[in-house]
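Student: Mind looking over this structure? Questions follow.
Numbering (this note's numbering), first residue to last: 3 to 555.
See below:
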């Protein structure tokens, strides 16, 4: 063996490289068994993030004359733990060898609601045997999931949560229904951990009452070193606390900001203007109040070096609210114009939202976003479509030449504002665009004046390889495929929102033919034909150009 491999740092690097490669676990196991120099680093990688099955593996490391573990083959066959003699401290020597290597673990509290056998008896055994206060003393990341459990099962497991809260813990991900997750907060707060990454995925069928919101707020205010935070709701107190954290770079509010936050804007102290000074990512998921957001953004985020701003508007969002929001976006330009790379405003279920009216994105949308010239990703969705067309998109592409992803999505019933001419603008002004989603009309003649360069050469866009045409109608696939192949020679994936007829598992073969469904099937098949034709035509054109070039030599 080369003497350099005897250097501990080299051995650690080699084990880390192997852990990211093919067949990592068997290779690391061989390294641990066959080479003393690599044994420690290989075991560190094997046990770094072993999953909750590690609990069973650790239990089986206990001496066979101390404990007998049986069962676990099915839900109807629970684990049975039988102690055969008294426990001695030396019984923990072998499990301790591996437990101290675990840095990342996930534990799911199982019950009869979940299709796996509960590991709770195994966890109880380990809790009984572990001599110290922490089962995994070097644990840095914990994911605790109670979604598939009953409340009694979750609370019983919560009594053992302290075993996972070691001094090096930095990241906690809690998932479950409100009563089970909120009950964990006092345990976490009492440990006084320096948590850096916190995710609270709390499900409340009827929303959060005042008591639940106060628990979430109190827990949020106990975070003093947070770097990334995902929480259901924020009130004025928790919002103010987070705004003062010098370490906070990512904030995701999944179920709304309380209107009490507006009371903070009446405070003229410098702390309001000096808020969220390190924040790079702000995401407001599920039910963002755009009117409220329009008031909060200019008050608290004008000095934030935002790179990502993602908004999922509430289902009842109005056009006026969006007009207000896009009207204030340029106020962020002072700090974010040089940093904002990703902006998204959309929501799921655009078709169902359109049935109840749904919002339309106003003309001011793209004119506001032109202030952010460093954008690389822009995603906009509107149930009732867009109040702008090709010209506005062209102006945006001129102002934001770094765009790599550009999505405009709307419902099937919304009026289409874009034409085939928008693709000529993409060729001329979007050299970096690789993914485009846009609904467009195929009616009328195809463009005949193609973009040309300074010397009259025909321009092509060679980075676009992914196109989503949404609910675009289509009559003749061939001319569309010919156009795409001439403009985008690397385009190899074209998808549509028209549903695949083969995916309709529940269709009734004896039912009367539905005219809309038949039209949908036709459009889907035509776009699939375009997807097949475009690369073939591009290859033919490339071959012709090659022959022409050889002929001119």
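Glycine included, each C-beta is placed from N, C-alpha and C at the ideal position.
Can we say the segment 178–188 touches the segment 157–165, given the rule of at least three CB pairs closer than 8 Å?
Tutor: The answer is yes - the segment 157–165 touches the segment 178–188, with three or more Cβ pairs under 8 Å.
Student: In angstroms with no decimal places, state the Cα-to-Cα distance between residue 517 and residue 415.
Tutor: Each residue's Cα considered, the two are about 15 Å apart.
Student: Please report how far the alpha carbon of residue 253 lies from the alpha carbon of residue 88, in whole angstroms.
Tutor: Straight-line Cα distance between these residues: approximately 50 Å.
Student: Could you say if the segment 350–366 and the segment 419–429 meet the contact criterion of at least three C-beta pairs nearer than 8 Å?
Tutor: The segment 350–366 is not in contact with the segment 419–429.
Student: What would DSSP say about residue 315, mapped onto helix, strand or coil?
Tutor: DSSP places residue 315 in strand when its eight states are reduced to three.
Student: Relative to the alpha-carbon of residue 282, which residue among 495, 312 and 267 has its alpha-carbon at the smallest distance?
Tutor: Residue 282 has its Cα closest to that of 312, out of 495, 312 and 267.
Student: Could you pull out every unbroken alpha helix (DSSP H) segment of at least 4 residues lying fully inside the segment 298–361, listed in chain order?
Tutor: Within the segment 298–361, the complete alpha helix (DSSP H) runs of at least 4 residues are 321–330, 335–338 and 352–357.
Student: Using the beta-carbon count (16 or more within 10 Å), is residue 226 buried or exposed?
Tutor: Its Cβ having fewer than 16 others within 10 Å, residue 226 is exposed.
Student: Within the same chain, show all residues whose beta-carbon is closer than 7 Å to that of residue 199, passing over the 5 residues directly before and after it, in chain order.
Tutor: Here the set comprises 172, 173, 229 and 230.
Student: With DSSP as the reference, identify every bridge partner of residue 409, one or two as the case may be.
Tutor: For residue 409, which the question treats as bridged, DSSP gives the partners 381 and 439.
Student: DSSP three-state label for residue 146, please.
Tutor: It is a strand residue.
Student: In its own chain, which residues sit with a C-beta less than 7 Å from the C-beta of residue 444, not counting the 5 before and 5 after it?
Tutor: Cβ within range, chain order: 422, 474, 475, 476, 477 and 482.
Student: Can you tell me where the beta strand (DSSP E) holding residue 484 begins and where it ends?
Tutor: Premise fails: residue 484 lies in the alpha helix (DSSP H), 479–489, not in any beta strand (DSSP E).
Student: Would you please state the rounded distance, in angstroms, between the beta carbons of residue 612 and residue 470? I believe it to be under 8 Å.
Tutor: For residue 612 there is no data in the structure shown, the boundaries of the chain being 3 and 555.
Student: What does the alpha-carbon distance come out to for the pair residue 407 and residue 81?
Tutor: Rounded to whole angstroms, residue 407 to residue 81 spans 50 Å at the Cα level.
Student: Alpha carbons only, please: which of 499, 505 and 465 is nearest the one belonging to residue 491?
Tutor: The residue with the shortest Cα to Cα distance from residue 491 is 465.
Student: Grouping DSSP H, G and I as helix and E and B as strand, with all else coil, what is residue 470?
Tutor: Correct three-state label for residue 470: strand.
Student: Evaluate contact between the segment 126–144 and the segment 95–104, counting only Cβ atoms and requiring at least three cross-stretch pairs below 8 Å.
Tutor: Touching, yes.
Student: Please say whether residue 280 and residue 248 have beta carbons closer to each other than 7 Å?
Tutor: A contact, by the Cβ cut-off of 7 Å.
Student: Give me the DSSP bridge partner(s) of residue 179.
Tutor: Answer by DSSP bridge pairing, in chain order: 205.
Student: I need the DSSP call for residue 78, collapsed to helix, strand or coil.
Tutor: The answer is coil: DSSP assigns residue 78 none of H, G, I, E or B.
Student: Tell me, which residues are paired with residue 252 by DSSP?
Tutor: Answer by DSSP bridge pairing, in chain order: 230 and 283.
Student: Excluding the 5 residues flanking residue 508 on each side, which residues of the same chain have their C-beta closer than 8 Å to its C-beta?
Tutor: Per-residue confidence for residue 508 stands at a pLDDT of 44, beneath the threshold of 50, marking its modelled position as unreliable; the derived number appears in the next sentence. So no residue of the chain qualifies.
Student: Leaving out five residues before and five after residue 13 in sequence, what residues of the same chain have Cβ atoms less than 6 Å from its Cβ?
Tutor: 39, 40 and 43, listed in sequence order.
Student: At the level of alpha carbons, what is the spacing between residue 392 and residue 194?
Tutor: Rounded to whole angstroms, residue 392 to residue 194 spans 55 Å at the Cα level.
Student: Based on Cα-Cα distance, which residue from 277, 295, 246 and 274 lies nearest to residue 260?
Tutor: Measuring from the Cα of residue 260, the nearest candidate turns out to be 295.
Student: Grab me the residues of residue 1's own chain with a C-beta within less than 6 Å of its C-beta, minus the 5 sequence neighbours each way, in chain order.
Tutor: For residue 1 there is no data in the structure shown, the boundaries of the chain being 3 and 555.
Student: Have a look at 329, 314, 277 and 495 and flag the residue whose alpha-carbon is nearest the alpha-carbon of residue 304.
Tutor: Among 329, 314, 277 and 495, the Cα nearest to that of residue 304 belongs to 277.
Student: Would you mind working out which of 298, 497, 128 and 380 sits nearest residue 245, comparing C-alpha positions?
Tutor: Of 298, 497, 128 and 380, the residue nearest in Cα terms is 298.
Student: In its own chain, which residues sit with a C-beta less than 7 Å from the C-beta of residue 340, not counting the 5 before and 5 after it?
Tutor: Contacts found: 376.
Student: Taking the alpha carbon of residue 205 as the point to measure from, which residue in 213, 73, 179 and 212 has its own alpha carbon closest?
Tutor: Looking at the Cα atoms, 179 is the closest of the given residues.
Student: Report the partner residues of residue 421 according to the DSSP bridge assignment.
Tutor: DSSP lists 443 as partners of residue 421.
Student: Quick check on residue 323: buried or exposed, where buried means 16 or more other Cβ atoms within 10 Å of its Cβ?
Tutor: Result: buried.
Student: Compute the Euclidean distance between the alpha carbons of residue 120 and residue 374, then round it to the nearest angstrom.
Tutor: Each residue's alpha carbon lies about 51 Å from the other.
Student: Assuming the contact rule is C-beta atoms closer than 8 Å, residue 233 and residue 263 should be a hit. Round their C-beta distance to whole Å, please.
Tutor: Contact flag wrong, Cβ pair sits at about 13 Å.
Student: Measure the Cβ-Cβ separation of residue 219 and residue 196 and say whether it is below 7 Å.
Tutor: No, the pair does not count as a contact, with Cβ atoms beyond the cut-off.
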